[in-house]
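The sequence shown maps to residues 0 to 572 in numbering that gives the first Met the number 0.
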Amino acid sequence: MKKRRRRRRKKKEASKSRTVRSSLLPPRPDGGDCRPPADNRLETTKYTALSFLPKNLFEQFHRLANVYFVFIALLNFVPAVNAFQPELALAPVLFILAVTAVKDLWEDYSRYRSDQEINHMECLVYCRNEKKYTTRFWKEIQVGDFVQLRCNEIIPADVLLLSSSDPDGLCHIETANLDGETNLKQRQVVKGFLELDSEFDPLKFTSTIECEEPNNDLSRFRGFIVHTGGKKVALYKDNLLLRGCTIRNTEEVSGIVIYAGHETKALLNNNGPRYKRSKLERQMNVDVLWCVLILIVMCLFSAVGHGIWVWQYDDKRKPVFDVPGPDGNYLSPVVAAVYLFLTMIIVFQVLIPVSLYVSIEIVKICQVFFIHQDKDLYDEETDFQLQCRALNITEDLGQIQYIFSDKTGTLTENKMVFRRCTVSGIEYSHDANAKRIAMYQEAESEDEETAPKGGMLSQRDSISSHQSIKVVHRNQSTKSHRRTGSRVEAKRASILSKHTAFSSPMEKDITPDPNLLAKVNECAGYLEIMRSHDHPLSQLSPELSDIFDFFIALTICNTVVVTSPNQPRQKVG
Numbered sequence: 000m001k002k003r004r005r006r007r008r009k010k011k012e013a014s015k016s017r018t019v020r021s022s023l024l025p026p027r028p029d030g031g032d033c034r035p036p037a038d039n040r041l042e043t044t045k046y047t048a049l050s051f052l053p054k055n056l057f058e059q060f061h062r063l064a065n066v067y068f069v070f071i072a073l074l075n076f077v078p079a080v081n082a083f084q085p086e087l088a089l090a091p092v093l094f095i096l097a098v099t100a101v102k103d104l105w106e107d108y109s110r111y112r113s114d115q116e117i118n119h120m121e122c123l124v125y126c127r128n129e130k131k132y133t134t135r136f137w138k139e140i141q142v143g144d145f146v147q148l149r150c151n152e153i154i155p156a157d158v159l160l161l162s163s164s165d166p167d168g169l170c171h172i173e174t175a176n177l178d179g180e181t182n183l184k185q186r187q188v189v190k191g192f193l194e195l196d197s198e199f200d201p202l203k204f205t206s207t208i209e210c211e212e213p214n215n216d217l218s219r220f221r222g223f224i225v226h227t228g229g230k231k232v233a234l235y236k237d238n239l240l241l242r243g244c245t246i247r248n249t250e251e252v253s254g255i256v257i258y259a260g261h262e263t264k265a266l267l268n269n270n271g272p273r274y275k276r277s278k279l280e281r282q283m284n285v286d287v288l289w290c291v292l293i294l295i296v297m298c299l300f301s302a303v304g305h306g307i308w309v310w311q312y313d314d315k316r317k318p319v320f321d322v323p324g325p326d327g328n329y330l331s332p333v334v335a336a337v338y339l340f341l342t343m344i345i346v347f348q349v350l351i352p353v354s355l356y357v358s359i360e361i362v363k364i365c366q367v368f369f370i371h372q373d374k375d376l377y378d379e380e381t382d383f384q385l386q387c388r389a390l391n392i393t394e395d396l397g398q399i400q401y402i403f404s405d406k407t408g409t410l411t412e413n414k415m416v417f418r419r420c421t422v423s424g425i426e427y428s429h430d431a432n433a434k435r436i437a438m439y440q441e442a443e444s445e446d447e448e449t450a451p452k453g454g455m456l457s458q459r460d461s462i463s464s465h466q467s468i469k470v471v472h473r474n475q476s477t478k479s480h481r482r483t484g485s486r487v488e489a490k491r492a493s494i495l496s497k498h499t500a501f502s503s504p505m506e507k508d509i510t511p512d513p514n515l516l517a518k519v520n521e522c523a524g525y526l527e528i529m530r531s532h533d534h535p536l537s538q539l540s541p542e543l544s545d546i547f548d549f550f551i552a553l554t555i556c557n558t559v560v561v562t563s564p565n566q567p568r569q570k571v572g
């Protein structure tokens with residue numbers, strides 16, 4: 000029984016596995032190619048030319064008011080119950096549906112343009128005819144192709160790492176596009192390819208890759224490589240480069256595409272665009288439902304009253320305002336009550352104002368326009384302005400309900416404030432600097448004590464104080480301040496430090512110790528003389544040599560040295 004279960008399990012695993020061969024190899028003699036016909040084209044649009052109208056109308060009818068307005072407009076086309084011109088009742092409904100459809104069409108067109116930009120990004124793919132890596136578009140990449148990526152390039156598909164310029168066969172990637180983490184993660188070249196004596200040649204790759212079917216599990220990858228001699232090498236998630244990640248700190252890597260296009264793990268985790276409804280729209284759906292219930296109660300009351308009123312008259316006596324039908328006969332009380340119920344629905348339709356929804360759609364369009372034209376939302380460094388991708392939820396902008404933080408370091412501010420130092424057992428206390436820091440801290444404590452008592456400032460005072468902060472910031476960015484100062488200046492600097500991180504005078508203005516400053520100037524003078532006369536640094540006195548070493552170590556500890564991308568990494572033994 001156990002053997003049968005194992006055989007069944009192996010059969011199931013074999014049926015769920017995928018076989019990938021190099022696209023540079025000729026087809027199999029039996030005519031069967033194990034490489035799936037999957038390309039790397041990205042399509043995230045919601046509509047097509049044929050599905051736009053029915054699909055968009057279906058999504059718009061999630062708004063209960065649209066269903067109500069369409070029902071009222073169609074009811075006006077019934078001659079027995081109409082109360083207004085049918086065309087007039089249909090006009091505002093068509094306007095609302097048309098405006099929303101145009102917005103959804105523009106939003107989907109923006110997705111289409113974004114897809115085209117991604118599909119036409121370039122990548123190096125190995126060409127069998129030219130026997131080298133050539134430039135091709137992302138959309139032209141297929142499973143089994145060999146790609147070559149360089150530092151700071153985005154990975155176009157799920158690639159099995161076969162070669163790396165790193166001496167240890169490592170590749171560092173940034174997965175911020177997948178999980179938001181900016182820390183680098185290591186990936187390892189497949190075992191057996193790191194020990195190659197020569198550079199990796201895609202034409203010599205004749206192995207077959209057996210791996211699992213495409214799935215959305217980012218933290219799991221299982222498979223193995225079957226070499227020509229029958230040797231199998233296991234594959235793990237550390238051998239796979241996921242689409243959307245960025246190559247960092249590695250000059251060059253090469254690999255074979257395992258999953259492409261919508262079979263990649265990143266796109267399998269993307270459920271596609273969905274119709275987003277704002278909090279205001281959801282609340283209005285509830286309000287419309289209550290209004291409809293009130294409307295039905297009012298119409299029922301009117302219909303029942305009208306039926307009772309008609310029932311009081313006999314066949315000889317008829318009410319003055321009762322109009323006979325086309326055949327000359329009068330309606331029965333029940334039929335008259337039904338007709339009046341439908342008529343009263345049309346008469347009381349103002350209970351749900353269609354003009355409100357027309358106004359909301361116009362306000363949303365204007366809001367999107369002003370968001371795009373806002374200069375305060377423009378980034379000069381990247382030359383990029385804010386893009387409103389979801390046009391249906393603009394009113395939710397800035398409406399924060401929850402704040403999630405994974406660790407305390409996310410919302411803290413680290414201030415590096417120089418207080419004192421000790422060099423070779425000699426302490427330089429920096430008394431003036433300590434007094435300056437105490438002055439700033441005293442001003443901040445006074446602000447914290449007076450803040451609850453002061454209440455809320457007027458709008459004019461808040462605007463003027465904000466402008467004064469901007470003026471102080473501008474003056475401090477252009478001048479170098481050496482305050483020994485007054486409490487008013489310290490208080491102003493403490494206000495600035497709350498609005499501008501890492502640039503307040505508390506962190507920037509340092510009052511050095513006089514003894515240390517004199518020795519640093521003396522050391523600088525000796526260094527200038529030695530540099531001009533080519534004297535070694537060993538001629539410095541022990542005291543000045545210690546100060547020189549102290550500042551060199553302080554500089555190294557507070558400096559980040561970035562290697563050039565073109566400089567090959569050296570393995571230090």
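Where is the CB? At the ideal position from N, CA and C, for every residue including glycine.
Residue environment, residue i, which counts as buried when at least 16 other CB atoms sit within 10 Å
i	result
Tyr258	buried
Gly453	Confidence in Gly453 is poor, its pLDDT being 45 and thus under 50, which makes the residue's placement too unreliable to answer from.
Arg418	exposed
Leu266	buried
Arg242	buried
Thr99	buried
Ile402	exposed
Gly229	exposed
Leu515	buried
Asn55	buried
Candidates the options, of which the one nearest residue i by Cα
i	options	result
Phe549	Asn182, Tyr427, Asp107, Leu24	Tyr427
Glu542	His61, Pro513, Asp237, Ile425	Ile425
Asn214	Val232, Asn270, Lys230	Asn270
Gly260	Met283, Ser253, Ala156, Ala335	Ala156
Glu152	Gly191, Asn176, Met529	Asn176
Arg110	Tyr401, Tyr67, Leu390	Leu390
Ala79	Ile551, Leu341, Ser358	Leu341
Thr263	Glu360, Ala336, Arg127, Cys244	Cys244
Ser540	Leu330, His532, Gly524	Gly524
Val291	Leu350, Ile255, Val337, Val252	Leu350
Where residue i sits in the DSSP three-state scheme
i	result
Phe223	strand
Gln366	helix
Ile359	helix
Asp378	strand
Thr18	strand
Ala233	strand
Leu41	coil
Ser277	coil
Glu251	strand
Ser428	coil
Leu456	Here the model assigns Leu456 a pLDDT of 39, short of 50, so the residue's position is not dependable, and the following value carries that caveat. Coil.
Arg186	strand
Val333	helix
Ile257	strand
Rounded straight-line distance, which links the Cα of residue j to that of residue i
i	j	result
Lys275	Asp38	30 angstroms
Glu116	Arg40	11 angstroms
Leu385	Glu250	33 angstroms
Gln366	Val353	20 angstroms
Gln141	Leu183	27 angstroms
Gln400	Arg273	21 angstroms
Ser493	Arg435	Unreliable placement is indicated for Ser493, whose pLDDT of 49 sits below 50; no coordinate value is reported for it.
Lys190	Val232	7 angstroms
Ile359	Asp178	36 angstroms
Gln147	Glu139	15 angstroms
Phe220	Ile555	41 angstroms
Val571	Ser164	In this predicted model, Val571 has a pLDDT of only 44, less than 50, meaning its place in the structure is not dependable; the value taken from the coordinates is given anyway. If I take the Cα positions, the gap works out to 15 angstroms.
Ile345	Ser301	13 angstroms
Thr227	Thr47	46 angstroms
Asp378	Met297	56 angstroms
Leu526	Asp167	42 angstroms
Lys203	Ser16	24 angstroms
Thr18	Phe136	25 angstroms
Check: residue i C-beta below 7 angstroms from any heavy atom of the ligand ZN
i	result
Thr133	The model depicted lacks the ligand ZN and carries no ligand whatsoever.
Short CB-CB distance (under 8 angstroms) between residue i and chain D
i	result
Ala302	Of the protein chains in this structure there is only one, and it is not chain D.
### Task
Kindly confirm or deny that the stretch 380-400 and the stretch 516-533 touch, where touching means at least three C-beta pairs closer than 8 angstroms.
no
### Query
Any contact of the stretch 280-291 with the stretch 57-75, i.e. 3+ C-beta pairs under 8 angstroms?
yes
### Message
With a threshold of 8 angstroms, are at least 3 pairs of Cβ atoms found where one atom belongs to the stretch 233-246 and the other to the stretch 122-132?
### Response
no
### the stretch 83-90 / the stretch 295-314 touching (three or more Cβ pairs under 8 angstroms)
no
### Message
Pairs of beta-carbons, one from the stretch 198-215 and one from the stretch 165-179, closer than 8 angstroms: are there three or more?
### Response
no
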